[in-house]
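First the structure, in the form of structure tokens, and then the observations on it.
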Amino acid sequence: MNRPVSFLLFSGLLLLFLVFPAAAQKLTLAWQTDTVFRVPESVLIDPSRKVCYVSNIDGAAGEKDGKGFISKISPEGKILSLQWVTGLDAPKGMGLVGPHLYVADLFQVVVIDVAAGKIVRRIDVPDSKFLNDITVGKGNAVYVSDSGTGRIHVIRDNKATLYFESPLFQRINGLLAHPAGIYVADVGNGVLYCLKEGKELVKISDVATGGNDGIVPVGNQEFIVSCWPGEVYFVDAQGKSHPMLDTREQKLNCADVDYDPTRKWLYIPTFFGNRIMTYTFQK
54 MNRPVSFLLF SGLLLLFLVF PAAAQKLTLA WQTDTVFRVP ESVLIDPSRK
104 VCYVSNIDGA AGEKDGKGFI SKISPEGKIL SLQWVTGLDA PKGMGLVGPH
154 LYVADLFQVV VIDVAAGKIV RRIDVPDSKF LNDITVGKGN AVYVSDSGTG
204 RIHVIRDNKA TLYFESPLFQ RINGLLAHPA GIYVADVGNG VLYCLKEGKE
254 LVKISDVATG GNDGIVPVGN QEFIVSCWPG EVYFVDAQGK SHPMLDTREQ
304 KLNCADVDYD PTRKWLYIPT FFGNRIMTYT FQK
């Protein structure tokens, strides 16, 4: 008598699981700022100082016009200083090394003294055309991507040198220093790569058809990748990408994101949308 009942119970649970699978990864809007920014391209969380930095292009993404600036906001989105540091051209990705904020700015990496809120150095990157993202790796090495040349440069001792280039790259953008290597998001072909320590380039995922921008880790070999046109994907440990957000119809871009693992907040600069939208991530 018990065996048929157990079998029926098991079959019913299995059917229930198939009909109602486990909840997929999702993003839920937590809050958003007013449209006070000017073409915000990147958000960087500074957990030690309990602030976030926002790079504002304020013009064309490739124009050397001196209009770009960095904003400082609270983790909850309060504007602390809209034009905290001015005098940049088209600032994009950022990275922190001790007291300094490094900012990719067309053909240079601009170094800002965070305490003073002032530019203290401009590092020329030879033969660069469109510097885009920054990540900080071992030994405080600062890596910067050049979307215009498909090259990754490294800055050590205030000097930039070529680190890596590949014919596989179409138009690289996002960088992420990780124990497994440096992850590279290609805006041209939609591929997520991992550049191993021995400079072996490994394809991780075909995230999207194109538009890859920012990369953040959200688990063991799991990542969130933003796509500039207005999409956000979860990439699992097997390299499969799962769409979580699509704001293209609202004409809201998803540029270079950052992630707070404590609050599970994903900060999205909306570029032409001129606001920061922050979503709660759920796995």
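Positions 54 to 336 (the numbering used here) are the ones given, in order, by the sequence shown. Think of the CB as a built atom: it goes at the ideal place given N, C-alpha and C, for glycine as much as any other residue.
For residue i, the three-state DSSP class (helix, strand or coil)
{"i": "glycine 130", "result": "coil"}
{"i": "glycine 170", "result": "coil"}
{"i": "lysine 191", "result": "helix"}
{"i": "glycine 326", "result": "helix"}
{"i": "glycine 263", "result": "coil"}
{"i": "glutamate 253", "result": "coil"}
{"i": "aspartate 289", "result": "coil"}
{"i": "glutamine 85", "result": "strand"}
{"i": "glutamine 335", "result": "strand"}
{"i": "aspartate 99", "result": "strand"}
{"i": "valine 92", "result": "coil"}
{"i": "cysteine 105", "result": "strand"}
{"i": "alanine 213", "result": "strand"}
{"i": "isoleucine 268", "result": "strand"}
{"i": "tryptophan 137", "result": "strand"}
{"i": "alanine 113", "result": "coil"}
{"i": "proline 220", "result": "coil"}
{"i": "lysine 120", "result": "coil"}
{"i": "cysteine 307", "result": "coil"}
{"i": "glycine 65", "result": "Any reading at glycine 65 needs caution, since the residue's pLDDT is 45, under 50, leaving its predicted position unreliable; the model's value is listed next. DSSP places glycine 65 in helix when its eight states are reduced to three."}
Option in the options with minimal Cα separation from residue i
{"i": "glycine 112", "options": "Asp158, Ala261, Arg91", "result": "Arg91"}
{"i": "lysine 131", "options": "Lys336, Gln335, Met330", "result": "Met330"}
{"i": "isoleucine 165", "options": "Ile225, Leu141, Asp266", "result": "Leu141"}
{"i": "arginine 316", "options": "Val310, Phe334, Asp299", "result": "Phe334"}
{"i": "glutamine 303", "options": "Phe325, His295, Asp311", "result": "Phe325"}
{"i": "proline 270", "options": "Val240, Ile176, Ala230", "result": "Ala230"}
{"i": "leucine 356", "options": "Thr86, Pro128, Val178", "result": "In this structure the chain extends from 54 to 336, so residue 356 is not present and cannot be described."}
{"i": "threonine 139", "options": "Ala169, Pro152, Leu149, Gly227", "result": "Ala169"}
{"i": "serine 134", "options": "Phe217, Leu159, Cys105, Ile176", "result": "Cys105"}
{"i": "threonine 88", "options": "Arg328, Lys336, Gln78", "result": "Arg328"}
{"i": "phenylalanine 183", "options": "Arg174, Thr202, Tyr196, Val173", "result": "Thr202"}
{"i": "isoleucine 205", "options": "Lys212, Ile257, Ser219", "result": "Ser219"}
{"i": "valine 173", "options": "Tyr332, Ala143, Asn211, Val195", "result": "Asn211"}
{"i": "leucine 305", "options": "Gly234, Phe222, Pro322, Gly241", "result": "Pro322"}
{"i": "aspartate 186", "options": "Leu254, Ile98, Asp158", "result": "Asp158"}
{"i": "glycine 192", "options": "Ile176, Asp180, Arg209", "result": "Arg209"}
{"i": "aspartate 180", "options": "His153, Val189, Leu154, Ala213", "result": "Ala213"}
{"i": "valine 101", "options": "Thr300, Glu116, Pro152", "result": "Checking the sequence shown, residue 101 turns out to be serine, not valine. Comparing Cα positions, the closest option is Pro152."}
{"i": "phenylalanine 217", "options": "Ile126, Gly251, Val240, Pro232", "result": "Gly251"}
{"i": "aspartate 31", "options": "Gly283, Ala290, Ile126", "result": "With the chain running from 54 to 336 in the structure shown, residue 31 is simply not present."}
Those residues which DSSP pairs with residue i across a bridge
{"i": "methionine 147", "result": "Val156"}
{"i": "valine 163", "result": "Val156, Arg175"}
{"i": "aspartate 313", "result": "Trp318"}
{"i": "serine 36", "result": "Since the first and last residues shown for the chain are 54 and 336, residue 36 lies out of range."}
{"i": "isoleucine 225", "result": "Asp239"}
{"i": "phenylalanine 183", "result": "DSSP, once it has assigned bridges, lists no residue as partnering phenylalanine 183."}
{"i": "glutamate 284", "result": "Cys280, Asp299"}
{"i": "alanine 230", "result": "Ile235"}
Proximity test, residue i beta-carbon vs the ligand ATP heavy atom, cut-off 7 Å
{"i": "lysine 212", "result": "Here there are no bound small molecules, and the ligand ATP is not part of this structure."}
Whole-Å CB distance - residue i paired with residue j, under 8 Å assumed
{"i": "valine 162", "j": "isoleucine 123", "result": "Not a contact, Cβ separation roughly 13 Å."}
{"i": "alanine 238", "j": "leucine 245", "result": "6 Å"}
{"i": "glycine 267", "j": "alanine 308", "result": "7 Å"}
{"i": "serine 200", "j": "methionine 147", "result": "The pair is not a contact, with the Cβ atoms about 16 Å apart (cut-off 8 Å)."}
{"i": "valine 195", "j": "valine 150", "result": "7 Å"}
{"i": "asparagine 265", "j": "glycine 234", "result": "Wrong, their Cβ atoms sit about 17 Å apart, outside the cutoff."}
{"i": "threonine 81", "j": "tyrosine 312", "result": "Contact flag wrong, Cβ pair sits at about 14 Å."}
{"i": "isoleucine 98", "j": "alanine 143", "result": "In fact, because the Cβ distance is near 22 Å, the residues do not count as touching under 8 Å."}
{"i": "serine 279", "j": "valine 285", "result": "5 Å"}
{"i": "methionine 297", "j": "lysine 79", "result": "6 Å"}
{"i": "valine 96", "j": "valine 310", "result": "7 Å"}
{"i": "glycine 241", "j": "glycine 263", "result": "6 Å"}
Beta carbon proximity, residue i to chain C, threshold 8 Å
{"i": "valine 156", "result": "Within the model displayed, chain C is absent; a lone protein chain is all it includes."}
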